[in-house]
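So the sequence shown is residues 1 to 419, counted in UniProt numbering. I have placed the structure first, in the form of structure tokens, so that the comments after it can refer back to it.
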Amino acid sequence: MAIDLTTNLAKVRNIGIMAHIDAGKTTTTERILFYTGINYKIGETHEGSATMDWMEQEQERGITITSAATTCFWHDHLINIIDTPGHVDFTVEVERSLRVLDGAVAVFDGVAGVEPQSQTVWRQATKYGVPRICYVNKLDRTGASFEFVVKTIRERLNATAAVLQLPVGAEADFQGVIDLVGMRALMWRGETAIGEDYTVEEIPADLQVAAEEAREELIQVLADNDDEFAEIWLLAEDSGDVIDVPTIKAAIRRGVLDNKFTAVVCGTSFKNKGVQPMLDAVIDYLPSPLDVPAMEGFKPGDETVVMHREPSNTEPLSALAFKVAQDPHLGRLTYVRVYSGILKAGTQVLNATKGKKERVGKIYQMHANKREEISEIGAGMICAVMGLKDTTTGETLADPQAPIILESMEFPNPVIEQA
Ligand code: GDP
1 MAIDLTTNLA
11 KVRNIGIMAH
21 IDAGKTTTTE
31 RILFYTGINY
41 KIGETHEGSA
51 TMDWMEQEQE
61 RGITITSAAT
71 TCFWHDHLIN
81 IIDTPGHVDF
91 TVEVERSLRV
101 LDGAVAVFDG
111 VAGVEPQSQT
121 VWRQATKYGV
131 PRICYVNKLD
141 RTGASFEFVV
151 KTIRERLNAT
161 AAVLQLPVGA
171 EADFQGVIDL
181 VGMRALMWRG
191 ETAIGEDYTV
201 EEIPADLQVA
211 AEEAREELIQ
221 VLADNDDEFA
231 EIWLLAEDSG
241 DVIDVPTIKA
251 AIRRGVLDNK
261 FTAVVCGTSF
271 KNKGVQPMLD
281 AVIDYLPSPL
291 DVPAMEGFKP
301 GDETVVMHRE
311 PSNTEPLSAL
321 AFKVAQDPHL
331 GRLTYVRVYS
341 GILKAGTQVL
351 NATKGKKERV
361 GKIYQMHANK
371 REEISEIGAG
381 MICAVMGLKD
391 TTTGETLADP
401 QAPIILESME
411 FPNPVIEQA
């Protein structure tokens with residue numbers, strides 16, 4: 001599946017999944033690849049019934065994530081999932097990944113809530129201004145409490161939380177979520193991955209009341225943090241009009257992008273409940289490469305000359321290498337994020353950091369179960385490059401005619417890791 005990179009950069013999400021060890025980062029990532037794979041399949045065959053067969057096959061084969069960046073598709077969007085280590089010991093690695101992603105999903109354990117390591121990663125993300133949504137996982141566990149986890153997000157992370165969902169049922173009886181924006185209930189009964197959609201009128205009266213209250217709270221958070229929304233809200237209060245869903249979504253998006261608050265959703269990855277609406281939230285609320293500030297860099301040899309590169313294919317090439325891995329089949333693979341211009345296979349580029357020319361070999365987009373060779377890749381995108389001999393983590397690749405060194409963090413001891 002190809003998307004037109006020149007016009008659709010707004011439909012690209014470069015995200016990381018951050019989590020304390022054991023909160024369910026691996027399971028959640030696998031389920032994302034799993035659902036986006038189903039999506040891909042349905043898109044190709046137009047056969048919804050193929051879903052379960054495909055799911056069983058894939059479960060047998062097992063989806064594993066071995067890439068530093070995996071590309072998948074959700075609806076008509078392209079999502080690059082950048083590997084973000086969960087170990088607090090890898091602070092440098094975390095910072096390195098935070099450098100190349102535009103937004104993140106923070107996964108929390110539904111019983112433990114925010115744990116100390118999550119606080120560390122959260123602070124790093126705050127330092128780099130990375131917009132985040134929170135996914136409260138493992139709500140099927142005994143002792144899980146969505147309210148408690150939201151409380152820990154507020155208290156331990158000192159974050160303003162815009163709660164977008166309410167769980168339906170708890171622990172073993174966790175069945176689904178109420179989407180407080182659209183006021184619909186999404187239910188996954190039994191072990192089936194196929195959600196059922198209900199209007200709020202179709203759910204029990206006590207849940208309806210709870211949902212109305214939670215929605216009021218959400219509206220309040222939006223009004224407190226967004227003047228534009230506050231004005232619409234006041235007018236609506238006066239006139240008795242209902243604020244429409246796109247207006248609410250736009251306010252949530254602005255708040256998340258400006259880091260005024262984090263949006264909170266929930267589920268259980270293990271039981272396949274809540275992952276799809278979480279992916280919808282990634283699309284709806286996390287930034288595209290067009291939503292983040294232009295990349296800054298300086299002229300090689302003269303750090304006082306600051307330059308900016310817009311995320312556009314018409315700008316000169318600038319790209320940052322963020323991981324070098326040894327692939328069992330391909331050999332040395334350099335993962336890069338292209339910030340501006342187009343990276344083309346078979347061309348010469350300048351490693352501006354080292355002042356050395358490098359030849360770009362093959363370019364790949366890594367998917368869950370296959371790698372796809374592509375001839376070129378544009379601004380805002382992430383790929384793996386073969387053939388770069390001298391480029392290490394943190395170094396800039398640039399157009400030899402327009403050299404730039406991208407503002408980069410310290411990357412001590414660049415190592416080649418086994419993929
Ligand atoms: P990671 O260390 O953050 O990558 O966590 P994993 O995805 O490896 O999950 C840690 C453990 O929690 C594994 O045994 C998973 O099967 C389990 N787990 C993950 N998600 C859920 C969930 O939603 N519910 C329950 N009950 N267990 C889960």
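Glycine included, each C-beta is placed from N, C-alpha and C at the ideal position.
(request) Apply the 10 Å Cβ neighbour rule to V245 and answer buried if 16 or more other Cβ atoms are within range, or exposed otherwise. (result) Here residue 245 is taken as the residue at index 245 of the sequence shown, counted from 1. By the neighbour-count rule (16 or more Cβ atoms within 10 Å), V245 is not buried but exposed.
(request) Verify the contact flag: F148, CB atom, against every heavy atom of ligand 1, threshold strictly below 8 Å. (result) As a first step, residue 148 is located in the sequence shown; it is residue number 148 there, counting from the start. Flag unset: Cβ of F148 not near ligand 1.
(message) Excluding the 5 residues flanking E372 on each side, which residues of the same chain have their C-beta closer than 7 Å to its C-beta?
(response) Counted from its first residue, the sequence shown places residue 372 at position 372. Within the same chain, E372 has close Cβ partners Y364 and Q365.
(request) From the DSSP output, in three-state form, read off G255 for me. (result) As a first step, residue 255 is located in the sequence shown; it is residue number 255 there, counting from the start. Helix at G255.
(message) Considering only DSSP beta bridges, list what Y135 is partnered with.
(response) Taking the sequence shown and counting its residues from 1, the one referred to as residue 135 is at position 135. In the DSSP output, where bridge partners are listed per residue, Y135 has V107 and V265.
(request) Could you check how far apart the C-beta atoms of L222 and G255 are, in whole angstroms? I think they sit under 8 Å. (result) Taking the sequence shown and counting its residues from 1, one reaches residue 222 at position 222. Taking the sequence shown and counting its residues from 1, one reaches residue 255 at position 255. Correct: roughly 7 Å between the Cβ atoms.
(request) Say yes only if the C-beta of T28 is nearer than 8 Å to one or more non-hydrogen atoms of ligand 1, and no if none qualify. (result) Here residue 28 refers to the residue found at position 28 of the sequence shown. Yes - ligand 1 has a heavy atom lying nearer than 8 Å to the Cβ of T28.
(request) Tell me whether L101 sits in a helix, a strand or coil according to DSSP, three-state version. (result) Against the sequence shown, residue 101 aligns to sequence position 101. L101: coil per DSSP, three-state reduction.
(message) Mapping the DSSP letters down to three states, classify G297 as helix, strand or coil.
(response) For the purposes of this step, residue 297 is taken as the residue at position 297 of the sequence shown. Residue state, collapsed to three classes: strand.
(request) Let me know if S239 comes out buried or exposed under the rule of 16 or more other beta-carbons within 10 Å of its beta-carbon. (result) Walking along the sequence shown from the start, residue 239 turns up at place 239. Exposed.
(request) State whether the segment 273 to 283 contacts the segment 291 to 299, with contact taken as three or more CB pairs (one from each stretch) at a distance under 8 Å. (result) no
(request) Taking only the alpha-carbon atoms, compute the straight-line gap between Y335 and L235 and give it to the nearest angstrom. (result) The sequence position of residue 335 within the sequence shown is 335, counting from 1. The sequence position of residue 235 within the sequence shown is 235, counting from 1. Y335 and L235: Cα-Cα distance of roughly 50 Å.
(message) Just to confirm the assignment: which complete beta strand (DSSP E) runs, minimum length 3, are found wholly within the segment 292 to 364?
(response) 295 to 299, 302 to 309, 318 to 327, 331 to 340, 348 to 351 and 356 to 359
(message) Please classify G340 as buried or exposed, where buried requires at least 16 neighbouring CB atoms within 10 angstroms.
(response) Counting from 1 along the sequence shown, the entry for residue 340 is found at position 340. It should be noted that the sequence gives Ser, not Gly, for residue 340. With 16 or more Cβ atoms within 10 Å of its Cβ, S340 is classed as buried.
(message) Excluding the 5 residues flanking I404 on each side, which residues of the same chain have their C-beta closer than 8 Å to its C-beta?
(response) Residue numbering aside, residue 404 sits at position 404 when the sequence shown is read from its first letter. For I404, where only same-chain residues beyond five positions count, the Cβ hits under 8 Å are G297, F298, K299, P300, M307, R309, P316, S318, A352, T396 and A398.
(request) If I'm right that A368 touches T70 with Cβ under 8 Å, what's the distance once you round it to whole angstroms? (result) Sequence index remark: in the sequence shown, residue 368 carries index 368 (1-based). Sequence index remark: in the sequence shown, residue 70 carries index 70 (1-based). Rounded, the Cβ-Cβ distance is 6 Å, consistent with contact.
(request) Look up W188 in the DSSP assignment and give the residues it is bridged to. (result) Within the sequence shown, the letter at position 188 stands for residue 188. Looking at the DSSP assignment, W188 forms no beta bridge with any residue, so it has no partner.
(message) Rounding to the nearest angstrom, what Cα-Cα distance links K74 and A104 in this structure?
(response) By 1-based counting over the sequence shown, the position of residue 74 is 74. By 1-based counting over the sequence shown, the position of residue 104 is 104. It should be pointed out that residue 74 corresponds to Trp in this sequence rather than to Lys. Approximately 16 Å, taken between the alpha carbons.
(request) Could you check the C-alpha separation between A68 and K323 for me, to the nearest Å? (result) Here residue 68 is taken as the residue at index 68 of the sequence shown, counted from 1. Here residue 323 is taken as the residue at index 323 of the sequence shown, counted from 1. For A68 and K323, the distance between alpha carbons rounds to 7 Å.
(message) Please determine whether the Cβ atom of T268 lies at a distance below 8 Å from any heavy atom of ligand 1.
(response) As a first step, residue 268 is located in the sequence shown; it is residue number 268 there, counting from the start. Under cutoff, so the answer is yes.
(request) Leaving aside the five residues before and after G182 along the sequence, list all residues of the same chain whose C-beta is less than 8 Å from its C-beta, in chain order. (result) Counting from 1 along the sequence shown, the entry for residue 182 is found at position 182. Excluding positions up to five away in sequence, the list reads V245.
(request) Could you tell me which of T152, M386, I342 and G113 sits nearest to P328, measuring between CA atoms? (result) One-based indexing of the sequence shown puts residue 328 at position 328. P328 has its Cα closest to that of M386, out of T152, M386, I342 and G113.
(message) Is the separation between the beta-carbon of L98 and that of G37 shorter than 9 Å?
(response) Stepping through the sequence shown from its first residue, residue 98 is reached at position 98. Stepping through the sequence shown from its first residue, residue 37 is reached at position 37. Their beta carbons are not under 9 Å apart, which means L98 does not touch G37 by this criterion.
(request) Take G346 and list the residues in its own chain whose beta-carbon comes closer than 7 Å to its own, dropping the five residues that flank it on each side. (result) Reading the sequence shown from its first residue, position 346 is the one you call residue 346. So the qualifying residues of the chain are V360.
(message) Measuring alpha carbon to alpha carbon, tell me which residue in A281, E376, A384 and K151 is nearest S114.
(response) Position 114 of the sequence shown, counted from the start, is the residue given in the question as residue 114. Ser is not the amino acid found at residue 114; the sequence shown has Val there. Looking at the Cα atoms, K151 is the closest of the given residues.
(message) Using 9 Å as the threshold, is the C-beta distance between M18 and A185 below it?
(response) For the purposes of this step, residue 18 is identified with residue 18 of the sequence shown, where counting begins at 1. For the purposes of this step, residue 185 is identified with residue 185 of the sequence shown, where counting begins at 1. Not closer than 9 Å, so no.
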